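Below: one structure, written as C-alpha cells.
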Amino acid sequence: MSAVPIWLIVLIKAVIVLFVVITVFAYSMLAERKVMGWMQLRPGPNRVGPWGLLQPAADAVKMMFKEDLTPQTADPLIYRLAPFISLICAMGTFAIIPFSANQDGTLWSVGNVNAGILLVFCMTSIGVYGISLAGWASGSKFPLLGSVRSTAQMISYELAMSMSVIGVLILAGSTALSDIVNAQYKVWFVIPQIVGFVIYLITAIAETNRAPFDLVEAETELVGGFHTEYSGLRFGLFFIAEYLNMITVSCLATLLFLGGWNGPFGLPSYGLLGLLWFILKAGFFLFFYIWLRSTLPRFRYDRLMAFGWKVLLPVATLNLILTAVAVAVWPTHV
Amino acid sequence: MSDDRKNLFNVGAIVRGLSTTFSYMFKKKPTVQYPSVMKQHAPRFHGLHELRRYADGKERCIGCELCAIACPANAITVIGAENSPEDRRSPGERFAARYEIDELRCIFCGLCEEACPTDAIVLTPRFEMADYRRGAFVYAKDRLLVPPEAGVGTPPDERPGGIPADLGGVFRAKDTVDITAGYEATNRGHILKEHTRGGEA
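Chains as they are written, first to last, in numbering that gives the first Met the number 0: chain A, 0 to 333; chain B, 0 to 200.
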C-alpha cells in the first residue's frame with residue numbers, strides 16, 4: 000500500500016467520484032423530467048432508449064452539436080470563463096463530502112478536511128461568481144438583471160443558511176463533516192435542530208436557484224436569466240453546475256441533519272450499507288426539490304427578500320442563540 | 000401587507016399543494032403514445048378524400064363540378080371531359096379528366112361529399128399526409144382514385160368504427176402533379192387559367 004503515492008490515490012478517488020457524480024447528475028435530470036411529467040399527468044421523456052433511459056446521452060449529444068455563440072457586446076474572456084467557474088466550484092465540493100465510512104473510521108471521500116463544512120460553503124460562494132460574471136459579461140440586459148438578482152439572493156440567503164448550520168456545528172463541536180456525522184450516531188440533528196433543518200431546506204433551495212426561488216433564471220421575466228446568451232456546451236456547463244449544486248446541498252442536508260451514513264435509531268451502518276443509507280437520504284432531498292418545483296409558483300422578488308431578511312435570518316439567529324445557551328447550560332447532555 | 004403575510008405563511012396551503020402533486024404522480028396518464036398506439040377516432044372522422052368506383056371498375060365521378068362549387072375553401076379543381084364510346088371512364092356522359100384537391104386549403108368539412116350526386120367523393124379516416132413539399136399536398140386522381148384492385152371504396156355511412164388497417168396510409172402511387180416545380184404550378188387558379196388558355200387556343 001505504501002508503494003502507491005498518496006497523490007495517485009487521491010487522483011483515482013477524484014476520478015471515481017467525478018464519474019459517479021456526473022452520472023448521478025445525468026439521471027437526476029432525467030428523474031426530474033420524469034417526476035415532473037408524472038405530477039403533471041404526462042409520461043415524461045420515453046422515446047430515447049427503454050423508459051427514456053438514454054435521454055441524458057441524447058441531450059449531451061445535442062448540446063455538443065449546438066453552435067457556441069458569443070454576443071458582440073459580450074466581454075469574451077469572462078463570458079467564456081464564467082461557466083467553468085460555476086462548474087469547477089460545483090464539482091470541488093465533492094472532494095470534501097464523505098459518502099460513507101468503514102468500521103475503522105476510514106472515510107469514503109476524496110479528502111477529509113477538518114474545516115470541511117466551511118470549505119463547502121466557500122466553494123458554493125465562489126460558485127456565485129460564475130453566475131454573476133456570466134450575467135455581467137453577456138452584455139445584454141436580461142442576463143445582467145439575472146446576475147444582479149442572483150448576487151442579492153445568494154448573499155441574503157447565505158446568511159440564514161450559515162446561521163442554521165452553526166447550530167449543528169455547536170452541537171457537534173466540530174466543523175469536520177466526519178465528526179458531525181459521528182456526533183449523530185445516537186440522535187440525528189434533525190430532532191434537536193428542527194428549526195435549523197427547515198431553514199436550511201428553504202435556504203438551500205434559494206442557494207441553488209431552484210423553484211420557487213428561481214428568480215435568477217425566471218423564464219417569464221428574464222428569458223433565461225444569467226444564461227440567456229449561452230448556448231451549446233457552455234450552457235450545458237451551467238446546467239451541470241446547477242444540478243451538482245442541488246446534489247451538494249442534498250448531501251449536506253444528509254450529513255448535517257439526517258446523520259449521514261448512520262442508520263436510523265442508532266443502527267450501526269458502515270461501508271456499502273452506509274452508502275445505501277446516504278443515497279436514500281440524499282435522494283429523498285433531490286426528490287423533494289423536484290416535488291417543490293412542480294408544486295409551488297415562483298416568489299415575487301420583494302417577498303423573496305422580505306422572507307430572507309425578516310423571517311429566515313431572525314429565526315435562524317434565535318435558533319442559534321437558544322442552541323448555544325442550551326449547550327452552555329447542559330453541556331453533558333450533548 | 001397583512002394579506003401578503005398571511006399568504007406567505009400559509010403552510011397548510013403548501014402542504015395541500017404538495018399532497019396534490021404527490022397524488023397526481025400515481026394517476027393514470029391520459030397521454031396516447033401516438034405513433035405506436037393509434038387512438039380510436041370517431042366513425043365518421045373527416046380525413047383524406049377518396050374517389051370511389053362502381054363494382055365494374057368504372058369511376059363514379061361524372062365531372063359535374065358540384066363538389067368544386069360546394070367547396071367553401073375553393074380547394075377542389077375539376078375539369079370534366081366527354082366520355083368516348085371506345086374508352087368509357089364513367090357510366091355517364093362525362094368524366095373528370097382532372098380532379099385535384101389541395102389538401103392544404105381543404106378544411107375537411109365534408110360538403111363535397113354531401114354535394115356529390117353519385118357518392119363519388121368521400122372522406123376517409125386517413126390523416127397522415129405530412130410532407131416537406133407544398134406541392135405534395137395537391138392530390139390528383141392518381142392518389143385520390145381507389146385503385147381497381149382495392150375495390151370500390153367505402154361509402155361514408157357504412158364506414159366501420161374502429162381503427163382501419165390503413166389509417167393514415169396514403170396511396171403511394173407516383174404523383175403526376177409536378178411537385179418539384181413548386182406549389183404555384185399546382186394550385187387551382189393556375190390549373191384553371193391553363194385550362195381556359197388551352198381551351199381558347
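Just so it is clear, CB atoms sit at the ideal spot from N, CA and C, and this is done for glycine as well.
All of these numbers come straight from a predicted model, not from anything done at the bench.
| query | result |
| --- | --- |
| Contact check, P211 of chain A vs L291 of chain A, beta carbons under 8 Å | yes |
| Cutoff 8 Å; reference L190 of chain B; Cβ partners in own chain excluding five residues on either side | Note on identity: in this sequence residue 190 of chain B is Ile, with Leu being the wrong assignment. Answer for I190 of chain B: T76, I78, R97 and E99, listed in chain order. |
| Cβ of M37 of chain B within 8 Å of any chain A Cβ | no |
| Proximity winner among A:P330, A:P267, A:T202 and A:G282, relative to V310 of chain A (alpha-carbon distances) | A:T202 |
| Chain-ordered neighbours of Y23 of chain B on chain A, where CB pairs are closer than 8 Å | W37, M38, Q39 and L40 |
| CA-to-CA distance, S22 of chain B to L317 of chain A, given in whole angstroms | 36 Å |
| Three or more C-beta pairs below 8 Å linking the segment 139-153 of chain A and the segment 223-240 of chain A | yes |
| Bounding residues of the beta strand (DSSP E) (the contiguous stretch that carries D301 of chain A) | Element bounds for D301 of chain A: not the beta strand (DSSP E) but the alpha helix (DSSP H), Y300 to A305. |
| L254 of chain A versus I179 of chain A: straight-line alpha-carbon distance, rounded | 7 Å |
| Three CB pairs or more closer than 8 Å across the segment 74-93 of chain A and the segment 232-246 of chain A | yes |
| Span separating the alpha-carbon of V324 of chain A from that of L168 of chain A | 14 Å |
| Expected contact under 8 Å - CB spacing of W329 of chain A and M24 of chain B to nearest Å | About 44 Å separates the two Cβ atoms, so there is no contact after all. |
| G79 of chain B - containing beta strand (DSSP E), residue span | I75 to E81 |
| Cβ neighbour criterion (16 or more within 10 Å) applied to V31 of chain B | exposed |
| Exposure of V169 of chain B, with buried meaning 16 or more beta-carbon neighbours within 10 Å | The pLDDT assigned to V169 of chain B is 49, lower than 50, so where the model puts this residue is not dependable; a value taken from the coordinates is nonetheless given after this. With 16 or more Cβ atoms within 10 Å of its Cβ, V169 of chain B is classed as buried. |
| Neighbour flag for G11 of chain B against chain A, beta carbons, 8 Å | no |
| Inter-residue spacing [alpha-carbon to alpha-carbon] between W6 of chain A and A252 of chain A | 29 Å |
| Cβ-based neighbour list, L344 of chain A, same chain, cut-off 7 Å, excluding 5 preceding and 5 following | Outside the shown range of chain A (0 to 333) lies residue 344 of chain A, about which nothing can therefore be said. |
| F94 of chain B - DSSP class collapsed to helix/strand/coil | strand |
| Contact under 8 Å by Cβ, E148 of chain B with M128 of chain B | no |
| Separation of F256 of chain A from Y184 of chain A, as counted between CA atoms | 11 Å |
| Residues that D86 of chain B bridges to, as DSSP identifies them | B:S83 |
| Contact set between W290 of chain A and chain B, taken where Cβ atoms lie within less than 9 Å | L17, T20, F21 and M24 |
| Residues that R52 of chain B bridges to, as DSSP identifies them | B:E58 |
| Test item: CB-CB of G350 of chain A and K33 of chain A under 8 Å | For chain A, the structure presents residues 0 to 333; residue 350 of chain A sits outside this window and is missing. |
| Chain-ordered chain A contacts of P29 of chain B [CB-CB under 7 Å] | L40 |
| Element boundaries [beta strand (DSSP E), containing A121 of chain B] | The identity of residue 121 of chain B in the sequence shown is Val, whereas the question assumes Ala. That run of the beta strand (DSSP E) goes I120 to L122. |
| Exposure of R171 of chain B, with buried meaning 16 or more beta-carbon neighbours within 10 Å | The predicted position of R171 of chain B is uncertain, since its pLDDT is 46 and thus under 50; no value can be drawn from it. |
| Separation of R51 of chain B from G152 of chain B, as counted between CA atoms | 5 Å |
| Min CB distance S163 of chain A to chain B below 8 Å | no |
| Residue-level contact to chain B via CB, V34 of chain A, 8 Å cutoff | yes |
| Contact check, R59 of chain B vs S89 of chain B, beta carbons under 8 Å | yes |
| Contact set for K173 of chain B: own chain, Cβ-Cβ below 8 Å, skip 5 residues either direction | Annotation note: pLDDT 47 at K173 of chain B (below 50); position unreliable, coordinate value reported separately. Closer than 8 Å at the Cβ level, and outside the excluded window around K173 of chain B, lie D141. |
| Euclidean distance between Cα positions of F298 of chain A and I130 of chain A | 20 Å |
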